[in-house]
Structures are given as C-alpha cells and as structure tokens.
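To start, the structure itself, in structure tokens.
Residue numbers (the working numbering): 203 to 718.
What follows is the structure in structure tokens.
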C-alpha cells in the first residue's frame, strides 16, 4: 500500500470512531435544551408568568429552574420581582435557601441580592430571622459583617439586633476576638450595652472568653423582650407588604371584570373569562394572606383574641380550595362569601379586643394616678404642718383629681360600649362610640399628668424655699372626638384595606360566576 495513503486511512478511521460520540453529544445538548424549555414551560404554567417575566429564567439549566418551581407563593412573587442578574445570583443557592430569602419582605430581599456571589455563599443555611437582621443593618455595618467568616456571621446574626449593631461598631480585629464557636456565650453580651462591649474588646481573646463565661444569666429576659420587639416589627412590615399586594391584585381583578363586562361581540370572551377567573383567585389569596399577617401582628403585639390561632387556621383553610387548578367559578364565588363573612367576624372581634386592651392600660394608669394623688396630698400635709402655704398646690391637686374622675367615667362608658358591641349584630357604630370615650379618657390623662408635673415642680421649689411659678390649668372639655380612618388606629389596623374583591359591588358575584 502506498505510504501516503496509510496516514489518510488512519485519519479517516479516527474520524469514524469519534463520530458516534460527537453525534450523541450533540443530541444530548439538544435534549438538554429541550428539557430546559420543557421545564421553563412548566414554570410558566405553575406561576402564571408573562413573557417578560419568563425571560428572566430562560438561561437557567433544568436543575436550576427546578429550584424556582415549587417555591411558596409569596416567596416566588418577591423573587420574581427581581432583575434577571439578581435571579442569576440566587440560582447558586439551594431551593431551601432561595425559599428562605423569599420569606423576606421585598425591600430586605433586594438589599441581600446586591451582595457578591461569594458573600451570598456565606449566608447559606441561615434562618429567616437571621437574614432579616443582616438585611436591616446599615451599609457600613453590613460591610463589616460580610467580611467575617461564615461561622461568625451565623453566630453574630443570632444576637438581638441592638447587640449585633453594638458589636459591629468594633473594628475587624476586635470583632475577630469574639469569633469562633457559638459556645463563647455571645448572647450574654446583650446585658453589657455598647460601652461594656467596647471595653471588653480591648482585652485579649482568652480574657474575653473568661469574663463572658462568668456573666450572669439575666441576659435571657432581655433577649426575649428584644426578640419579641423585633418579631413584631418584622410582622408589621410583612402585613404592610401583604396589604399592598392585595390592593394591587384587587385592582387587577377589577380591570379584568370591567374588560369582560365591556367586551364587544367580536372579543374572545373565553379568554377574558379565564383572565377574570385567575385575577379573582389571586385577589382572594392575597386577601387571605393579608388577613393572616394582620392576625399574626396582633398576636405578637399581645392584643389578639384568645381564638387567634383558630382564626388563622380558618383563613389558611381557604387556600387549598383556591389553589386547586380545577376550582370552578362557582366555588370561587362561594369561597369569596365565606372569606368576607370570616373577615367581618374577625374585624369585630379584633376591634373589641384592641379596645379592651386599651381600656386595661387606661385602668392601670388611673390606679397609678390615684396613688400619686394620695402621695402628693400627704406631702402637702407635711408642707402645711411646717407653715408653708400650699393652697395653690391644693387647687391644682383638686384639678388633677377632677381629671382622673372624668377619665374613670370615660373608661367606664367605653367598657359598657365594648360589652354592648359583643352582642350587637351591627357593632361598628357602638365600637366607634367606645373609641370616642377612649379618646376623651386619653386626652384627660394627658391633661392630668401635665398638672401633676407642675405640682411636683412647685413642691420641690416650696420645700427648698424658692419662689414658685404660677400653675397654668387650661380648660378642657369632653366634646365628641371625630373618628377618622387615620385617627382610629384599631380600625385602620384591623381592616387593613381588606375590601372584598369578589363583592366590590352588587353585580360582582354574578360576573365572577359567569366566568365558569
């Protein structure tokens, strides 16, 4: 065989040997793309994504798309509002971590996704509460924290917010002295305050460890208080965001309803019906979420009813029906009616409970005021026994007592209103009257303690032989107080703008039903 032909044959044999592998690889790549497209289509159907939103995920691989498919509804909504580049950063995290990030309100989530990928890596596995605290830090505090080791970020973010911020006033070298295992008793630092932590940071690592180990366990009470305060703040932010989502989805529902109602004969009425159905479901789910967040906020604040957990579970029970892909328009209408009835019941109970809680606080202040009257009166007796003229202080003390008596009267009237509202079918007017009495009681208390402050000031001057000042007592009346949506805090909190989307007017139920 010609020597020149042999190399050519070898080359051809080599090409034939790798051709099947190359073809298989190409088919595999095509198959992967097809699978990605299929996953993308599933994501679109599951999350009702529009084209612009879907484009954010089109460059993700199948396993990355999977991470976003089964996220909780509120988590996906917040993540879907991010930019494509921000979603690209999150794809490196696990599904659990992505879901955890999505539990943060949108403003806090956006702060974290601005971090570099390597910084986000350090936040893997953190709880929602830890992520929230990190996102709530000032820019310079966050910059210090993210430079620490992952284990230290984890331990420091377990601290209450106040102590964490006190720690982050230290420089990097000082911070590292507190690093290492969680057994260093970092929680105990909460009782030291800013200055105590600063002084401790001047010591060596071993000295810090020794001193912290000997600190008493009193920190637990303060930590519990601070955590409850932080939890309320978080829930309040979540409620405000949930209410905004509801107002937006309610607006979308009303637009879809009007589009369906005003469609001409040539319009695709089936498509409009389906859009109306989707928007009704979205609005009702958002309404339920806002109601749950509001009840959780009241519970954390300590002014919820005893049945708050059962009420929350009752609202949760509406979700499976509405989230069922096969739910009919008739079922949607029925759920809407049930939700509206549930909201009316909860609104009344919440306003009652808030009013009673406020009454209890006023009753406690009245008791304190009565004790103050007794003590001041005894002190004036002593002044007079030493020949001091305390007549002006006596007159002021009488005005103080009158205010307290008027406050007690308003408190008793408000209490009667709460009791009457409990049995009334239409309790709203009675509750508003009750709040009017509470407003007058509050105004009287402010007036009374202004007088008390002047009495104490002049008592101290009289006792030391100084010249006293004239006590000014402005007249105050118990005129009716106009209750507005802004002034009536309980009403504003309880209703939360939860206008029922499926019964916004007399025709809405029928129109939603027509979309079946």
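Ideal placement from N, C-alpha and C gives every residue a C-beta, glycine not left out. Computed from a prediction, not measured in an experiment: that's the story for all the values here.
Contact belief for residue i with residue j at Cβ below 8 Å, rounded distance in angstroms
| i | j | result |
| --- | --- | --- |
| residue 489 | residue 442 | The Cβ separation is near 15 Å, so there is no contact. |
| residue 487 | residue 513 | So it is not a contact: roughly 17 Å between Cβ atoms. |
| residue 505 | residue 469 | Their Cβ separation, rounded to whole angstroms, is 50 Å, which puts residue 505 and residue 469 out of contact at 8 Å. |
| residue 642 | residue 680 | 5 Å |
| residue 673 | residue 662 | Going by Cβ atoms, the distance from residue 673 to residue 662 rounds to 13 Å, so no, they are not a contact pair. |
| residue 399 | residue 388 | That pair is no contact at about 10 Å. |
| residue 190 | residue 259 | In the structure as shown, the chain starts at 203 and stops at 718, and residue 190 therefore has no counterpart that could be examined. |
| residue 523 | residue 537 | 5 Å |
| residue 344 | residue 315 | In fact, because the Cβ distance is near 13 Å, the residues do not count as touching under 8 Å. |
| residue 269 | residue 300 | 6 Å |
| residue 601 | residue 653 | 6 Å |
| residue 295 | residue 326 | 6 Å |
| residue 554 | residue 620 | 6 Å |
| residue 567 | residue 657 | So it is not a contact: roughly 17 Å between Cβ atoms. |
| residue 381 | residue 351 | 7 Å |
Proximity to residue i [Cα-Cα], best of the options
| i | options | result |
| --- | --- | --- |
| residue 396 | 405, 634, 411 and 367 | 367 |
| residue 492 | 362, 427 and 445 | 445 |
| residue 451 | 435, 471, 484 and 470 | 484 |
| residue 481 | 271, 305 and 457 | 457 |
| residue 328 | 570, 650, 343 and 357 | 357 |
| residue 495 | 448, 526 and 656 | 448 |
| residue 317 | 287, 302, 297 and 298 | 287 |
| residue 438 | 399, 401 and 502 | 502 |
| residue 499 | 381, 440 and 298 | 440 |
| residue 584 | 572, 285, 523 and 664 | 664 |
| residue 277 | 298, 543 and 393 | 298 |
| residue 649 | 274, 608, 620 and 566 | 608 |
| residue 435 | 378, 362 and 375 | 362 |
| residue 599 | 561, 667, 589 and 675 | 675 |
| residue 616 | 602, 315 and 644 | 644 |
| residue 633 | 582, 558 and 424 | 558 |
| residue 403 | 376, 416 and 424 | 376 |
| residue 340 | 326, 370, 264 and 350 | 370 |
| residue 561 | 544, 618 and 571 | 618 |
| residue 393 | 406, 364 and 407 | 364 |
| residue 655 | 571, 238 and 326 | 571 |
| residue 549 | 573, 597, 578 and 630 | 630 |
| residue 374 | 544, 257, 621 and 349 | 349 |
| residue 678 | 646, 670 and 668 | 646 |
| residue 275 | 653, 252 and 305 | 305 |
| residue 342 | 354, 351, 326 and 372 | 372 |
| residue 651 | 425, 406, 255 and 575 | 575 |
| residue 406 | 252, 379, 415 and 424 | 379 |
| residue 330 | 417, 579 and 302 | 302 |
Chain C within 8 Å of residue i, Cβ atoms only
| i | result |
| --- | --- |
| residue 269 | Of the chains in the structure shown, none is chain C; there is only one protein chain. |
Do the segment 450-465 and the segment 519-533 meet, that is, are 3 or more Cβ pairs less than 8 Å apart? no
Could you check whether the segment 288-297 touches the segment 315-329, counting it as contact only if at least three pairs of C-beta atoms, one from each stretch, sit closer than 8 Å? yes
Which residue spans inside the segment 453-509 form an unbroken alpha helix (DSSP H) run of at least 4? 471-503
The segment 328-344 touching the segment 301-319, judged by at least three CB pairs closer than 8 Å: yes
Looking at C-beta atoms only, is the number of pairs between the segment 608-615 and the segment 529-544 that lie closer than 8 Å three or more? no
Threshold first: 4 residues or longer. Then list the alpha helix (DSSP H) segments lying entirely within the segment 512-545, N to C. 520-525
What are the start and end residues of each continuous alpha helix (DSSP H) run of 4 or more residues lying completely inside the segment 267-300, in chain order? 275-282 and 286-292
Tell me whether the segment 473-480 and the segment 427-442 touch, counting them as touching only if at least three CB pairs, one residue from each stretch, are closer than 8 Å. no
Does the segment 402-415 come close enough to the segment 244-251 that 3 or more CB-CB pairs lie under 8 Å? no
Inter-stretch contact (C-beta, 8 Å, three-pair minimum) for the segment 582-594 and the segment 635-652: no
Please give me, in chain order, every unbroken run of the alpha helix (DSSP H) with length at least 4 that falls completely inside the segment 311-392. 319-323, 330-337, 341-348, 352-358, 363-369 and 374-379
Continuous alpha helix (DSSP H) assignments of at least 4 residues falling wholly in the segment 563-626: 593-625
Identify every run of the alpha helix (DSSP H) within the segment 622-677, keeping only runs that are complete inside it and at least 4 residues long; order them along the chain. 630-665
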